[in-house]
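Data block below; observations after.
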Ligand code: ME8
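In our numbering, the protein residues as written are 254 to 912.
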């Protein structure tokens, strides 16, 4: 039988900064759904990629002193870049599109021309408000307190000759698409789109720019580049070969079954995108799902606010699967959720270390201890089954169908909740059946004990199958530990109690999810975040030059002399001060105190020739007199203050005047 196709996409990400945990959330959700569909026997196409054009990227590249292409190449393909992140997170995308790929650029030009030839794109003059970071034009009435309604930043007046797309022409059809079908999910997003954007009147959309060049050129009108959102949205088609020869599965996979997108870009995907497809006379995607945001301290993460969470650090510390699981388990997919390290660790400890980890380790340890790892034939059945057996088996047997319903309605968090209810039930079953008590009299209870362990392994197997889309690597290891062969890891077998072979052999393996010491891990994460923050600070910073002039005569009054260090010691009870005994050429020792103990050991300075200003009035520090000041150079390196004493050639005699 031909497999049913399933085409799913993530948004294509802006390679303007390193991606954070919010982007990872969206991609992991899409990956889990793609893996689930493969598990259920679908022919899946999973697309992700990068949205590389536009003014924001052009500006960033300029700031970095590189070309826009070099800039995006580094963020997409460079070390620790987007491709590396998806590899690390075990993302199973079938294709990756970059909007700077030649085939995409050529297709977008054809698309733009087709809509122009049809009369849906026309030339006019754009006057309005523009938010550069979001690449969005807004009307006065859409602004929030005079600022961009998406990001809250200020907008600028913009006026330029531009092409427009007749969005207004499609308003009615888009409205009925939203209201009369299940195109946009969750349903709660429909009202927002219709009431805030369509009912006030859809204005035609400005779809070209002349104020910058980093975009797809409008080939029939040099000087114009295609608006980045038009270029970006069509990636979902061009990546399958729409109007290009690079791929040839557009007819097979289009229309998309699901576009997963964040809530702030639902407007583009549920209004502009279907309208443009209507203009192109192409089929519409079946569903757009607008998920919520991961918040940090109640606010949206953003690089510019400096409150991003680095998925690399978390994956390295807790494991990729634990991180994937946490993201999908904790936050209901359509809503916002507050991220915290504490919540992450708590989820890992409770669900993975305690519930799942304990179930696997207790069960395999008992199979090992009581049956040398291999259960006896006949253990599937039991001469005297108990009510707890029936209760567990009924719950596990109903699990796959319930999980399927949850996944089909894009509720991975509910699907996981259902699986974990069963895992908790199984742990309770261990306590109820008390296998260690049964083991005390193997002659009388051996058969019963084998049956209990079989039930536990079978429960674990079925839960393992359903957890595979979320934690693929760990479930592979789990199957090995519980002795589940390839044939009893598939979707069909997740609905068939008793598929696990009776004489199954378990293997004691590594602890799949070790318990995390919360306090220690939080302290380490904070240190890592601090180190990462420091790494983004400028390498060297020096104070700006003084703007106020000092007159020459005043300057000449300062008496700078070479001085030789005869002795140097720490000042008692001070961790800052060093006390110097100096030869200043007068024959009388000079004492100077200097707050440089953080940077120098006293013994390293003896014999050095330094520079001091010697005609400052004496002053007391920690009860000791200081007659003058040593001159040093200061700067900041990666946020840390650095100091170097000015040292001069030892050939310069003590007391020599510096002028
Ligand atoms: O919007 N929580 O790219 P992008 C959850 N290039 N999701 C988050 C998030 C957070 N804290 N932060 C970002 C773009 N995202 C366009 C898309 S598609 C044709 C063009 C999600 O890199 C965000 O909601 O700014 C969006 O869905 C995705 O990351 C990409 O964001």
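Glycine included, each C-beta is placed from N, C-alpha and C at the ideal position.
| Check | Outcome |
| --- | --- |
| If we ignore side chains and look at the alpha-carbon of each, how far apart do residue 734 and residue 338 end up? | 29 Å |
| Looking only at C-alpha atoms, which of 796, 569 and 835 sits nearest to residue 815? | 835 |
| Which residues share a DSSP beta bridge with residue 865? | 814 and 883 |
| Sorted by chain position, which residues of the same chain lie with C-beta nearer than 7 Å to residue 276's C-beta, five sequence neighbours on each side aside? | 266 |
| Once you ignore the five residues that flank residue 666 on each side, which residues in its own chain have a CB closer than 8 Å to its CB? | 581, 582, 583, 584, 585 and 586 |
| So, at 7 Å on beta carbons, what are the nonlocal neighbours of residue 508 in its own chain, with the 5 sequence-adjacent residues on each side left out? | 536, 537, 538 and 539 |
| Between the alpha carbons of residue 598 and residue 678, how many angstroms are there, rounded? | 23 Å |
| Spatial neighbours of residue 775 within its chain, please: C-beta separation below 8 Å, excluding the five flanking residues on both sides. | 594, 595 and 598 |
| Does the count of Cβ pairs from the segment 447–461 and the segment 509–518 closer than 8 Å reach three? | no |
| Take residue 325 as the anchor and find which of 436, 340, 272 and 577 has the nearest alpha-carbon. | 272 |
| Roughly how many whole angstroms lie between the Cα atoms of residue 323 and residue 484? | 20 Å |
| Is residue 543 near ligand 1 - that is, is its Cβ less than 6 Å away from at least one heavy atom of it? | no |
| Check each candidate in 357, 887 and 670 and name the one with the smallest Cα separation from residue 795. | 887 |
| For ligand 1, any of its heavy atoms closer than 6 Å to the Cβ of residue 265? | yes |
| Does DSSP put residue 695 in a helix, a strand or coil? | helix |
| Alpha carbon to alpha carbon, how far is residue 334 from residue 895? Give it in angstroms, no decimals. | 32 Å |
| Please state the DSSP three-state secondary structure of residue 350. | strand |
| Can you give me the C-alpha to C-alpha distance between residue 366 and residue 547, rounded to a whole angstrom? | 39 Å |
| Whole-angstrom Cβ separation of residue 673 and residue 608, contact assumed at under 8 Å? | 6 Å |
| Between the alpha carbons of residue 592 and residue 489, how many angstroms are there, rounded? | 30 Å |
| Just the Cα atoms here: how many angstroms apart are residue 315 and residue 713? | 55 Å |
| Near residue 924, what residues of its chain come up, given a Cβ to Cβ distance below 6 Å and the 5 sequence neighbours on each side ignored? | The question about residue 924 has no answer here: the residues shown for the chain are numbered 254 through 912. |
| Give me the residue from 883, 897 and 863 with the minimum Cα distance to residue 907. | 863 |
| Going by DSSP, what residue range makes up the alpha helix (DSSP H) through residue 649? | 640–661 |
| Any heavy atom of ligand 1 inside 6 Å of the beta-carbon of residue 546? | yes |
| When the distance is taken between beta carbons, is residue 619 closer than 7 Å to residue 706? | yes |
| Identify which residue in 282, 466, 290 and 857 has its Cα closest to the Cα of residue 256. | 290 |
| For residue 300 and residue 687, what's the separation of their Cα atoms in angstroms? | 49 Å |
| Does residue 268 pass the burial test, meaning 16 or more other C-beta atoms within 10 Å, or should it be called exposed? | buried |
| What is the rounded straight-line gap between the Cα of residue 497 and the Cα of residue 302? | 17 Å |
| Please classify residue 764 as buried or exposed, where buried requires at least 16 other C-beta atoms within 10 Å of its C-beta. | exposed |
| Excluding the 5 residues flanking residue 725 on each side, which residues of the same chain have their C-beta closer than 7 Å to its C-beta? | 288 and 343 |
| Could you have a look at residue 752 and say whether DSSP puts it in helix, strand or coil? | coil |
| Find the nearest neighbour of residue 590 within the set 544, 635, 841 and 372, judged by alpha-carbon distance. | 544 |
| Given 6 Å as the limit, tell me if residue 515 has its C-beta closer than that to any heavy atom belonging to ligand 1. | yes |
| Taking 6 Å as the cut-off, is the beta-carbon of residue 207 closer than that to any non-hydrogen atom of ligand 1? | The requested residue 207 is not part of the displayed model; the chain covers only 254 to 912. |
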